[in-house]
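Before any comments, here is the structure.
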């Protein structure tokens, strides 16, 4: 059993903790939490041990919430840590993990400079075997890498241009973010799949929640037809090609789709790729896909745990993660 600690229990951390707790080859040591709020209470109700930063014990004692120790105890007790703290804090924790000689997985909000490898299971699992410090790239970059990996293998990719319309929960405006090009997603994708070649990514934010949307143009080295490309994507376990007959075109539709299919927390771990958008003009591929920002990196974190601890190869880990989490059953 791989003993896993999850430091941080927000949007990503709570989902990773649930996933770890469900894996037959893993044991959730506990979660790191700074405040005794409703999410900490929910973790306690799930039976998760709670570890807190130094100097925060009084806050938990004050509301009668039991703690198992401080963050240093969590790091000591785990074979590996999944750092799901807010962006930038992972870099501060990296020396602490080193001090305890505990490997750690960071999230996409951290710089590639603090890790040995950036990771997407479908693309570079084997490169991560035995590494101590790994970054699961952002939700958007994870979605891009899942799409690019089979295209690179099957057809070859010359260049691509991608516009990412991302969620923003505040301010009823749409904006460029950043105004400059490229957004971080292109360079981050190249960290994982250098064979992508020339890639330009433009970032935007829109007043919506949960689902990011990508408008994608890829110049291929081959000239497949749209049906062949759709079949290729449909063969990928973490890409769901949405049948046009389902009449899904929005984030609201996808939210209802997840709820109607009993997905916990409305999680859609797979890329949601719109079949009717797949268009081929000579060697130019165009398509739309949506990414659930709250959950698509969760299975990647589980696979990274196995890669870093060298307890399964890529095929074994991905299949086990998919089976336990119900990935591919939509």
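In my numbering, the protein residues as written are 39 to 368.
Just so it is clear, CB atoms sit at the ideal spot from N, CA and C, and this is done for glycine as well.
Please read all numbers here as calculations on a predicted model, not as lab measurements.
Alpha-carbon to alpha-carbon, residue j and residue i
i           : j           : result
residue 43  : residue 67  : 5 Å
residue 112 : residue 301 : 29 Å
residue 192 : residue 328 : 22 Å
residue 221 : residue 238 : 8 Å
residue 152 : residue 136 : 12 Å
residue 236 : residue 359 : 32 Å
residue 175 : residue 105 : 31 Å
residue 89  : residue 103 : 11 Å
residue 310 : residue 264 : 17 Å
residue 227 : residue 57  : 25 Å
residue 217 : residue 242 : 8 Å
residue 78  : residue 47  : 8 Å
residue 229 : residue 171 : 15 Å
Three-way DSSP call (helix, strand, coil) for residue i in this model
i           : result
residue 245 : strand
residue 98  : helix
residue 301 : coil
residue 131 : helix
residue 140 : coil
residue 173 : strand
residue 158 : coil
residue 210 : coil
residue 365 : coil
Residue i - partner residues in DSSP beta bridges
i           : result
residue 255 : 199 and 324
residue 204 : 243
residue 384 : Here the chain covers residues 39 to 368 and nothing more, so residue 384 does not appear.
residue 108 : 90
residue 193 : Bridge partners of residue 193: none, in fact.
CA nearest to the CA of residue i, picked from the options
i           : options               : result
residue 258 : 251, 73, 338 and 324  : 324
residue 326 : 348, 346, 345 and 278 : 278
residue 124 : 49, 202, 289 and 358  : 49
residue 117 : 304, 104 and 168      : 168
residue 365 : 346, 209, 170 and 338 : 338
residue 367 : 296, 321, 78 and 188  : 296
residue 187 : 270, 98, 357 and 74   : 270
residue 355 : 51, 266, 64 and 200   : 64
residue 200 : 225, 212, 194 and 209 : 225
Alpha helix (DSSP H) segment containing residue i, residue limits
i           : result
residue 121 : Segment 118-121 is the beta strand (DSSP E) holding residue 121; no alpha helix (DSSP H) there.
residue 331 : Where residue 331 is concerned, there is no enclosing alpha helix (DSSP H), given that its DSSP letter is neither H nor E.
residue 311 : No alpha helix (DSSP H) contains residue 311, which is instead part of the beta strand (DSSP E) from 309-312.
Endpoints, beta strand (DSSP E) assigned at residue i
i           : result
residue 41  : 40-45
residue 68  : 64-70
residue 280 : 277-280
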